[in-house]
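In terms of numbering that gives the first Met the number 0, the sequence shown opens at residue 0 and continues consecutively.
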Amino acid sequence: MVDTKKLAVFIDLAETQNYSQSAERLFLSQSTISKYIIALEDEWKVKLFIRAHRQVKLTKTGMALLPKAKEILQQENSLNQLINHQVGLKGRPLVIKVLPSLSQYQAAHIITNFAKNYPEIRLELTETNADKLEHALNHEKADIIFTRIFNTNIPSCNIITNEKDHLVALVPKNSNLAQHDYINYDMLKNESILLMKDTISKSNPASKIFQNMALKPKIIYKGQRMNLILDMIDQGVGISIAMNKSFNLTDFNNIKVLPFIPKINSQLAFLKRKDNTSNMVELFWKFALEQTELLTNE
């Protein structure tokens, strides 16, 4: 059986041709370098180096054996990396926190496909509102988050943007607002509002607009059940503010969608901290990048 420690010394000495330099590079004594080379020569019954004082030169036999020695050492390194990778995969779960409206976005397919392709990784997937998602990532309570961002300049994070979205109003078709082709924020002053929790996050420019309104709208529901909101609007109770892709109007025929003026755009994105380079996170990140590119090109 080949001792790869000795192989590493053989390969390094072949490169430096100097005992002192190899000793410094490998953090070994010169006597240990010499001992390992002599041991290899005895085991293999060959002469690897021509020695002249501290300077050495490969023999023809040494030159012939060197490529194979490098190959064996590379195989060991690859094996160790795979072992470490598998140990990492079987450790703690990969924690991904997402918006409650995840199912309406491409990210849902990316996460599902990742789970199918890597069943050995234990996923911990939870929903929460946008403000708590950012907090979870900053305080290392999540490896990856899927959220809505309005600014891609986040120095501490890597970002994969999937889709764009924009804010709209959902109104009953029999309301006065439905007579318009668009809606502005002043038109909401006396309305009863039904909101998904994550819609008007602190990072959303609409949040400041609401705070600055002379007459704040009356919010009568704030939760995570979009279908309940749609059902109430469909029956003529209140209006809602939502991102255009965060809902499905199938079976809700009494609702009209109005764009906001001025328009507020957002991007849906995966975020991870740049300093989180664990095997699981890097594996998911690479997969998400590839999947996003595929979905973009469809």
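Virtual Cβ for every residue (Gly too), placed ideally from N, Cα, C.
The structure displayed is predicted, hence computed values, not measured ones.
- The Cβ-Cβ distance between ILE232 and LEU193 falls below 8 Å.
- Within the same chain, and ignoring the five residues on either side of MET225 in sequence, the residues whose Cβ sits closer than 8 Å to its Cβ are PRO99, SER100, MET195, ALA241, SER245, PHE246.
- As a beta-bridge residue in DSSP terms, LYS56 pairs with ILE49.
- When DSSP states are grouped into helix, strand and coil, ALA22 belongs to the helix group.
- With contact defined as three or more Cβ pairs closer than 8 Å, the region 125–132 and the region 161–179 are not in contact.
- Annotated three-state conformation of ILE182 is strand, per DSSP.
- Here DSSP, grouped into helix, strand and coil, assigns GLN74 to helix.
- Counting the other Cβ atoms within 10 Å of the Cβ of ILE49 gives fewer than 16, which makes it exposed.
- When DSSP states are grouped into helix, strand and coil, SER265 belongs to the strand group.
- Under the 8 Å Cβ criterion, the region 53–63 counts as touching the region 10–27, having at least three qualifying pairs.
- Counting C-beta atoms within 10 angstroms of its own C-beta, ARG147 has 16 or more neighbours from the protein chains shown and is therefore classed as buried.
- Going by beta carbons, LEU267 and ASN161 fall inside the 8 Å limit.
- Membership of LYS273 in any beta strand (DSSP E) is not indicated, and neither H nor E is assigned to it by DSSP.
- Relative to the Cα of LYS140, the nearest Cα in the group LYS115, LEU93, SER102 belongs to LEU93.
- Taken through DSSP and simplified to helix, strand or coil, ASP11 comes out as helix.
- According to the DSSP secondary-structure assignment, VAL280 is paired through a beta bridge with no residue.
- In the DSSP assignment, ASN161 falls within the unbroken beta strand (DSSP E) covering 156–171.
- THR291 is a Cβ neighbour of ILE109, given a cutoff of 8 Å.
- By the neighbour-count definition (other C-beta atoms within 10 Å, threshold 16), LEU39 is a buried residue.
- In the structure shown, LYS96 adopts extended strand secondary structure according to DSSP, grouped into three states.
- Across the structure, SER28 and TYR18 are spaced so that their CA atoms are roughly 9 Å apart.
- In this structure, the CA atom of LYS273 is about 16 Å from the CA atom of LEU132.
- For LYS5, the closest alpha carbon among the candidates ASN173, ILE36, LYS67, GLU23 is that of ILE36.
- The straight-line gap separating the alpha-carbon atoms of ASN137 and GLN105 is approximately 24 Å.
- Within the model, the alpha-carbon separation for TYR184 versus LEU248 is close to 23 Å.
- A Cβ-Cβ distance of about 5 Å is found for the pair PRO171 and GLY235, placing them in contact under the 8 Å criterion.
- Straight-line spacing of the CA atoms in ILE182 and PRO261 works out to 9 Å.
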